Each structure stands twice: as structure tokens, then as C-alpha cells.
Amino acid sequence: MEIDALLRKSVLHFITDYTIARLAPMNISLIDIALCFICLVSAATAQSKLLAQYPNQLTRDGHIVVLPDHGTIYIVSDLHAHWDDFNQWLQLTQLVERIQADEDVYGLILGDAVDYKPDEPRHPPYGDTLIVDRVMELQRQLGDKGKRIIYLRGNHEFAAADAYAMLKRQGMTAQNRKHFIRALYESPLGAYYEQFNFIERMTDAHYDFLMNLPTVVVGKNGFVGIHAGPARFVTSLADLVNPNPKTLEELLWHRPEIAYSGGYTLTHITNFLEAIHGNILIVGHTPIHYFPRRNVRDGIATFGESQLIFSTGYSGRPGIPAYIEIDLAETYPSVDALKLDRNIHHLYSETRKPKSD
């Protein structure tokens, strides 16, 4: 159809113009001025961004959430529209009921709750919409206690929101959405954008919610949770409050060198944790089957003594759908201290979870 051709042309022009604009040479004096300004702002804010200076309670500061030295947190990651897995987690932990009863508990989603993976059936057809809507609803219904359900940004939340905004700028509406998305999927970058298929279901309310998600959780006793991996050039917690684009990219997209050539190393993990006064780093993002067998135990993976990698929804074998329990009052010397059935909980009794009805 003629409209499809026009839409494809519009999308391609946007991608081309955007790329040219990003690569176009800039006035060097303006760059120097901008860099000086950034350095001055960073220096001014870094003084007040030590972990010990935050109050001993749940505190949101820009992209970070600081947790106290007490309570228990239950963590999931990479649900990828698995509505049944999300509900199984809530049921097993009784998280909502315990928050309502004023128990000292928290729930944490380490990103990538949205987007169906290409090799999985879309069942239910709106699984990610149901998850995001439910989190938004719970945070509203629980009032001030709703802050205890923490949803971090993953690379899929970031990219889906970015693509949605791009399409809206090009004129996408509820009425022509299907045509715009089809044109995008049929463009040279279509395979890339199909990964972020929440754009097919996203609303403006979802977009606003995703854009306001935090990126890092840090506990007073050294627990750190992010989606993907450590940022290489972080020197203090201040660098995470308002991370620059490179830092944000590493937090959301990077994988360990043991699973991906050129990825982050054990040294990067150590330096990152030391910079923000953390002890252990818990992440999702990298499928468990990317790791050598020697790094896999109990359905999760470890990289060195300080990092644990797991998945609750999408996880190729030998990964097992799991959630992690962390005692915020405890200082864990290494991830080796995290044990099956005490800290590592399988979502289902069998390795293969039951099929959805």
C-alpha cells in the first residue's frame, strides 16, 4: 500500500537524520565549555553522595534507590512478559500481603519485565502489559508503602521507551500504530526493533512510568542490584545518581567477558563495588546458558566471588526460573554465601515449569 511505503520512508529518514546528527562534527569550543560545566557540577554533587550519608530508610535519589540495613528483599529479573512467573513470585513470597501488614520486606524487579523474546510464544498475548499495569496499580494502592515494590530499568525498558518516543515524534497515533510499527519492522533495522515489541502495546502512561524508573539499588550493608553489569568508569555513588550515557549503557547492556567477548571483567566488578561501597552484585540480563558449566550452580550463574546472575522468566537451560532472597541486615562476604532454598529459590518445584493454561 502507498501509506506503508510513505511510513517506511519516514522511519528510514528519521533513522538516517538521527545518525547523521549524532555523528556530525561539533564546535570544539562548545564541547570544552560543556565538559567544564559537567566536571564542575559533578564535583559539587559528589561530596554529598556517600552511601553512609543517606538516611537508613528507603531513599530515591535520581537513578539510585538506597535501602536500609534491615529487612528482606525478594528479587526477580528478566520476566519478559511471563505473567504467570510474576504471579508465582508474588504468591510464593506473599509480598503484597506482607507489605500491607507492615512487615519489613521489599520486592525488586531487575528490569526486562517487558518484551516477548522472539523464540517464545506470546501467551498470554499481553503479558508485559499485565505486569507493568499490576506494578503501577500496586504502587498506587499501597500508598507510601508502594515504594517497597521497586522496578528497575533494564535495556528492554530503555529501548522500548526510546523507540516508542521516536515513533510518536514521527506521528504515530493509536489509530495508525499498526502501520507505523509494520514500517519500522520492515526497515533495515527491523530485526533490532522487533526485540522491543512492547511498542505494540505501550501507552503514554506506560511510557511515562518507564521513563521514571530507577536504575540501581544499593543496600547499606553492601548489596547492589542492577540489570546487566558494572559501569567501568564509576568513581563514586554520585556517578550513578545521574549517569552519563556511557555509564547507563554499561549498566543496562553489558555482559561478562566469560560469556561475551570484550565484556566486563572481574576487575571491573571489583572496582565498581569498591567505588560505591558494595560487597555483592546481583544482576540478570545474560542468559545462563551463555556461561561455562563450571560457573553454573542451582540454576544460577556466578562470575568470581562478587557477582550472581539469574533469571526468573526467560532463561535458557541450564538456567532455572528463580528468585533471590537477600537479608539486608547481613553483610555477605561473597555470593558463595548465597545458598539454595535460603537465598536462591526456584520458582517451581520441577526444573521444567508448567505450561500456561
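Residue numbering for the sequence shown follows this note's numbering, starting at 34 and increasing by one per position. Just so it is clear, CB atoms sit at the ideal spot from N, CA and C, and this is done for glycine as well. Only a predicted model underlies this, so the values are computations on that prediction, with no experimental measurement involved.
Put simply, the backbone Cα of L185 is about 20 Å away from that of K82. Along the length of the stretch 195-239, whole alpha helix (DSSP H) runs at least 4 residues long occupy 210-218, 223-227, reported in chain order. In this structure, I108 keeps its C-beta atom at 8 Å or more from the C-beta atom of L100.
Here the C-alpha atom of A134 lies approximately 23 Å from the C-alpha atom of R375.
The alpha carbon of F191 has as its nearest neighbour, out of L270, F242, D272, the alpha carbon of F242. Pairwise C-beta distances place the stretch 257-275 in contact with the stretch 287-302, as three or more of them are shorter than 8 Å. Of the candidates G258, I315, I291, D148, the residue whose Cα lies closest to the Cα of N230 is D148. With contacts defined by Cβ atoms closer than 8 Å, I97 and G140 do not form a contacting pair.
For D152 and Q228, the gap between their C-alpha atoms comes out near 11 Å. By a beta-carbon distance limit of 8 Å, L128 does not contact I309. Their separation comes to about 26 Å. The DSSP-derived three-state label of L270 is coil.
G223 and I214 have their C-alpha atoms roughly 9 Å apart.
C-alpha of P157 to C-alpha of Y347: approximately 14 Å in a straight line. Taking the Cβ atoms as the reference, R234 lies roughly 34 Å from D331, outside the contact range of under 8 Å. With respect to the C-alpha of I232, the residue from V251, N209, N254 having the closest C-alpha is N209.
Judged by DSSP secondary structure, E307 falls within the alpha helix (DSSP H) whose first and last residues are 299-309. Under the three-state reduction of DSSP, L143 is assigned to coil, being neither helix nor strand.
Contiguous beta strand (DSSP E) elements confined to the stretch 77-122 occur at 92-94, 97-100, 105-109, taking only those with 3 or more residues.
S339 places its beta carbon less than 8 Å from that of I313.
Taken atom to atom, the span from the alpha-carbon of A146 to that of S294 is near 26 Å.
Residues H96, I97, L185, R186, I259, H260, L273, P276, L281, L284, L285 of the same chain have their beta carbon placed closer than 8 Å to that of T248, with the five preceding and five following residues left out of the count.
By DSSP's assignment, R330 forms a beta bridge with I333.
When DSSP states are grouped into helix, strand and coil, A261 belongs to the coil group. When DSSP states are grouped into helix, strand and coil, Y356 belongs to the strand group.
Among the bridge pairs identified by DSSP, L373 is matched with I377. Distance from the CA of A334 to the CA of I321, rounded to the nearest whole angstrom, comes to 6 Å. G317 sits in coil when the DSSP states are folded into three classes, being neither helix nor strand. Between H379 and the set D369, A355, N304, the nearest pair of CA atoms involves A355.
Under the three-state reduction of DSSP, G176 is assigned to helix.
Listed as beta-bridge partners of F256 by DSSP are I313.
As the crow flies, the alpha-carbon of I132 is around 7 Å from that of K178.
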